[in-house]
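Asks: Numbering (our numbering), first residue to last: -5 to 137. Below are the structure tokens for one structure; questions will follow.
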Ligand code: CMP
């Protein structure tokens, strides 16, 4: 059964372009509730750990360098069918293939610098959320 949480990261290109506010506004208007959020800067080690599944891919070095190049904004989001709905909302990994009106179609420059991350499964969403946030940083758990 689908769970109702996903993990997103506003990537360093999103922060550098001054788009934190615009993208966060669109996320909220699309019906996703922010239950955890922080501004942080990944080291090469923490970026590599997050993308460990891609370690053998040819683009891994470039991905780690980019993700540690400046601050980023991870968030945990809640909505019914969060993982699938959020991936539809942000558009395809390659912005050239992203549907009109999606975040990547509107703001991303390339497959490497594609503005935003979205978990690809419920299992990965839970692992990725735990990578960035302790339980006490998740608002829903403080209610
Ligand atoms: P993301 O959804 O964060 O998950 C894995 C990331 O790897 C993906 O977004 C892209 O930014 C990056 N990626 C995937 N394919 C390539 C590629 N061919 N070259 C560079 N980066 C890539």
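Yeah, the Cβ is synthetic: ideal placement off N, Cα and C, and Gly gets one too.
1. Quick one: using the 10 Å Cβ neighbour count with 16 as the cut-off for buried, is residue 12 buried or exposed?
2. What first and last residue would you give for the alpha helix (DSSP H) that runs through residue 109?
3. Sorted by chain position, which residues of the same chain lie with C-beta nearer than 6 Å to residue 72's C-beta, five sequence neighbours on each side aside?
4. One question on the structure: do residue 58 and residue 42 come within less than 8 Å of each other, judged by their Cβ atoms?
5. Measuring only the C-alpha atoms, how far is residue 4 from residue 110?
6. If you count every other CB in all the chains shown that lies within 10 Å of the CB of residue 49, and 16 or more means buried, which is it?
7. Would you say the beta carbon of residue 87 is closer than 7 Å to some non-hydrogen atom of the ligand CMP?
Replies: Once the coordinates are examined:
1. Under this definition residue 12 is an exposed residue.
2. Per DSSP, residue 109 belongs to no alpha helix (DSSP H) and is neither H nor E.
3. -2, -1, 27, 29
4. yes
5. 5 Å
6. exposed
7. Yes - the ligand CMP has a heavy atom lying nearer than 7 Å to the Cβ of residue 87.
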